[in-house]
Amino acid sequence: MIASFFCMYESRFVKEIYSNYLIKQVLWYSIGFLLILFLKKIKLNFLFRYSFYFYLLGNFLLVLVLFFGKDINGSKAWFHFKLFSFQPSEFMKIALLLYLSNVTNAFKKNDKKNEFLYLIKCAFIVFIPSLLVFLEPDTGAIIIYLLLLLSVLFISGLKKRWFVIAFLLIFLIFGSFFYLYFFKQDTLIQLIGTSFFYRMDRIIHFKDGSSMQLANALTTIGNAGLFGHGIQKELLYVPEFPTDFAFTLFLSIFGFIGGFLLLLLFFILNCFFISKYFSVKNFEKKCFIHGFVFIFLFQQIQNILMNVGLMPIMGIPLPFLSYGGSNMIVYFIFIGILLNITSKKIQNKKAD
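Numbering-wise, the sequence shown is residues 221 to 572 according to the numbering used here.
As structure tokens, this is what we get:
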């Protein structure tokens, strides 16, 4: 939190539109901590029991945003209000994971009968929001949804042959995509649209070094040194500095030593969440925590490697450091649910 506040404060010296990001980030953190306190104390079984309805609501919001959302950077993914913006695809992460956990738990209780039907159901559950987000378009959200699907399949106890089949299907899909990309680009553009094609083109060619965003980020990191430049310094402009490239912004302030300490903090937080996962006995809730930890780790790895040019730029923020209301609140909700699930008082009551 403190590191994020420093980044938001420094961002005002980068561009004027970032001048109120610190105030908003303080607000998101305040709301987040209140949500943790609230979610930790209430009974949350209804979230899993009625997860299907939360899933329906999430899809309904994804449809609405296509018609009434605000177009930002070529993506129609936000409801924009006077004081804040709301991104339905972020909150869909919670609804999707709750519902997948519920379906997987039912499959497990049924002695894992009819694995094919279970796979088709899970794939269909993920396909609907992925298609809606594809239309926005938002590549990062689609990847997160697919990772949530993988996380519940890994823990479901499926036979290995299904993973082999899934791997072959993925290989076939990607093979077809790259064939069209390199030999039939006009056909591919007709299938996926111009906007999404150029997003994919940017991902595929991220190593070409043609991105001003990445070039400026690498220059900023290279000039940071061991201790950084401190605050209130004018920095080389990097588009989406407080969001996608907040890690670069942090390194520019505190240098490589500060970056090492930040990574250490993330490591401790990851160990804490993983330890909570192993402390849970209830399979449905264990499945939920497994999915949360899965995407939490992925966002850290993807964002940090993206900042140093080892992964493509995909608009995936670094949890708790990057600016953003929706993503921040969603992860606080995840933590509130996790702490509720692993509460000793609640577990003792269930044991009694």
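Here a beta-carbon is modelled for each residue, glycine too, at the ideal position from N, C-alpha and C.
Everything numeric in this text was worked out from a predicted model, so none of it was measured.
Count the other C-beta atoms from every protein chain shown that fall within 10 angstroms of the C-beta of residue 265, then say buried if there are 16 or more, exposed otherwise. Exposed: under 16 other Cβ atoms inside 10 Å.
Same chain, Cβ closer than 8 Å to residue 516, neighbours up to 5 away in sequence not counted: 490, 493, 539, 551 and 554
Quick one: what does DSSP say residue 509 is sitting in, helix, strand or coil? In the structure shown, residue 509 sits in a helix (DSSP, three-state: H, G or I).
Quick check on residue 445: buried or exposed, where buried means 16 or more other Cβ atoms within 10 Å of its Cβ? exposed
Beta-carbon within less than 8 Å of residue 468's beta-carbon, same chain only, minus the 5 sequence neighbours each way: which residues are those? For residue 468, where only same-chain residues beyond five positions count, the Cβ hits under 8 Å are 437, 440, 441, 458, 461 and 527.
Does the structure place the region 304 to 315 close enough to the region 275 to 287 that three or more beta carbon pairs sit under 8 Å? yes
Extent of the continuous alpha helix (DSSP H) to which residue 465 belongs: Unbroken run through residue 465: none, as it is neither H nor E.
Under 8 Å, with one C-beta from each stretch per pair, do the region 496 to 512 and the region 320 to 330 reach the 3-pair mark? yes
For residue 345 and residue 320, which I take to be in contact (beta-carbon distance under 8 Å), what is that distance rounded to the nearest angstrom? 6 Å
Quick check on this structure: which residue in 269, 337, 408 and 543 has the alpha carbon closest to the alpha carbon of residue 239? The candidate whose alpha carbon is nearest that of residue 239 is 543.
Ordered list of alpha helix (DSSP H) runs contained in the region 274 to 306, each at least 4 residues: Here no run is fully enclosed.
State the Cα-Cα distance for the pair residue 571 and residue 501, rounded to the nearest angstrom. Its pLDDT being 46, under 50, residue 571 is placed unreliably in this model, and the value from its coordinates should be taken loosely. Each residue's Cα considered, the two are about 11 Å apart.
What three-state label does DSSP hand residue 406 in the structure shown? helix
Let me know the secondary structure DSSP gives residue 529 once reduced to three states. coil
How about residue 360 and residue 535: do their beta carbons lie closer than 8 Å? yes
Using three-state DSSP, classify residue 356 as helix, strand or coil. Coil at residue 356, not helix or strand.
Going by Cα to Cα distance, which pick from 249, 288, 236 and 235 is closest to residue 222? 249
Under the rule that 16 or more other beta-carbon atoms within 10 Å means buried, what is residue 350, buried or exposed? buried
Decide if residue 228 is buried, meaning its Cβ has at least 16 other Cβ atoms within 10 Å, or exposed. buried
Quick one: residues in its chain with C-beta nearer than 6 Å to the C-beta of residue 235, no 5 flanking neighbours on either side, listed in chain order? none
Per-residue burial, residue 556 [other beta carbons within 10 Å of its own, 16 or more giving buried]: buried
With H, G and I counted as helix, E and B as strand and the rest as coil, what does DSSP make of residue 384? Secondary structure of residue 384 (DSSP, three-state): helix.
If you run the structure through DSSP and keep just helix, strand and coil, what is residue 414? helix
Please state whether the Cβ-Cβ distance between residue 447 and residue 477 is less than 8 Å. Contact flag set, yes.
Collapsed DSSP secondary structure at residue 458 in the structure displayed: coil
Using only the alpha-carbon positions, how far apart do residue 537 and residue 244 sit? 16 Å
Here's the rule I'm using: 16 or more other beta-carbon atoms within 10 Å means buried, otherwise exposed. How should residue 291 be labelled? It counts as exposed.
Assign residue 356 to buried or exposed, taking buried as 16 or more other Cβ atoms, counted over all protein chains shown, within 10 Å of its Cβ. buried
Beta-carbon proximity of residue 509 to residue 473, cut-off 8 Å: no
Alpha carbons only, please: which of 403, 541 and 318 is nearest the one belonging to residue 483? 541
Are residue 306 and residue 546 close, meaning C-beta to C-beta below 8 Å? yes
For residue 233 versus residue 453, is the C-beta distance shorter than 8 Å? Result yes, Cβ atoms of residue 233 and residue 453 sit closer than 8 Å.
Going straight from the alpha carbon of residue 282 to that of residue 347, what length do you get? 13 Å
When 434, 285, 559 and 479 are compared against residue 584, the one with the closest alpha-carbon: Absent from the model: residue 584. The displayed extent of the chain is 221 to 572, so no value can be given.
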